[in-house]
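Reviewing the structure listed below.
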Amino acid sequence: MHLDDKGLGRLLGGLILLQLGCGIAGNLWLTAPLFGEGGYLALTSAERVTIRASVLFSLVTGCLGVVIALLAQAPFRRRGPLPGRALLVFSAVALAIGVVEQAGVLSMVMV
Numbered sequence: 510m511h512l513d514d515k516g517l518g519r520l521l522g523g524l525i526l527l528q529l530g531c532g533i534a535g536n537l538w539l540t541a542p543l544f545g546e547g548g549y550l551a552l553t554s555a556e557r558v559t560i561r562a563s564v565l566f567s568l569v570t571g572c573l574g575v576v577i578a579l580l581a582q583a584p585f586r587r588r589g590p591l592p593g594r595a596l597l598v599f600s601a602v603a604l605a606i607g608v609v610e611q612a613g614v615l616s617m618v619m620v
């Protein structure tokens, strides 16, 4: 499937909005039991499953940033190799930081 610039721009814009919405949903609703009364030590079994789902959801959202960076390589290539590579590196670093963060969340839940 080959997209023209306008179609690729719409696709990238939609993916960015999807990533934004998923990040908000994951941080506000799925991780809410962590910050409830009693903190993370008072989580029930069902809430622990919700937190594990939020970790998976956050990792998928982080991977979406890498997908966006990969799809944006073609338009950036016209301006030279540096902007596209920089976006890819920054999104990979953000994913790595997200993995470390979610590992910390999982370590709290696995107590």
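Using the working numbering, the first residue of the sequence shown is number 510, and each one after it goes up by one. Glycine included, every Cβ here is placed at the ideal spot set by N, Cα and C. Keep in mind that this is a model prediction, so the values were computed, not measured.
Contact check for Gly574 against Phe585 fails: the beta carbons are separated by 8 Å or more.
Taking Glu556 as reference, the option from Ala541, Ser567, Gly518, Gly522 with the minimal CA-CA separation is Ala541. Within a 10 Å sphere around the beta-carbon of Gly589 sit fewer than 16 other beta-carbons, which makes this residue exposed.
The residue from Leu596, Leu543, Ile533 with its alpha-carbon nearest to that of Val618 is Leu543. For Leu597, the CB contacts under 6 Å within the same chain, skipping 5 residues up- and downstream, are Ala578 in chain order.
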